[in-house]
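Structural data, given as structure tokens:
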């Protein structure tokens, strides 16, 4: 439920309850005055009812304050979702790199580092830099290509390797 609507509902209910309690207090005072209240049982009951109703006024005042807070200072769920999304997007490149390092094994990490350092590196040069066999390098690049991490483009008789997403 929208916080402003909730605040408005609580505000209306607290005002109505406040009016009812104020009317009840006025009626109780009138009945105790008409009974000529001195130190009788009826007067002690009236004083107990009055003190209880004053507690009710305190609770209603708290509800009224809560309602005003919800109406004036509330931020919608969309605001918080937008803020969380922005924080998620604001990961620094170092934080992204640490996450990548945790997810990859040693060989995959060497391949990603080499491609990151030199975008468009040929597969032959990549094999020399990472010191991996042709089959192992091809297997790693195929997995990365399926996951959408790298892209291989034909460059003469060899392939150039590019990172698709910024890591």
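Residue numbers (the working numbering): 1 to 167. Backbone N, C-alpha and C define an ideal beta-carbon position, used for all residues, glycine too.
- Beta-bridge partners of residue 163 (DSSP): 150.
- For the set 62, 108, 85, 10, the Cα lying nearest the Cα of residue 133 is the one of 108.
- Comparing alpha-carbon positions, the option among 162, 152, 136 lying closest to residue 105 turns out to be 136.
- The straight-line gap separating the alpha-carbon atoms of residue 6 and residue 14 is approximately 12 Å.
- For the 9 Å CB-CB criterion, residue 66 and residue 10 form a contact.
- One alpha carbon belongs to residue 69, the other to residue 50, and they sit about 29 Å apart.
- Here residue 121 is bridged, per DSSP, to 161.
- Taking a C-beta distance under 9 Å as the contact criterion, residue 111 and residue 141 qualify as a contact pair.
- In the three-state DSSP reduction, residue 75 falls in the coil class, being neither helix nor strand.
- Remark: C-beta atoms of residue 155 and residue 74 do not approach each other more closely than 9 Å.
- Cβ-Cβ separation between residue 152 and residue 159: approximately 4 Å, consistent with a contact (criterion under 8 Å).
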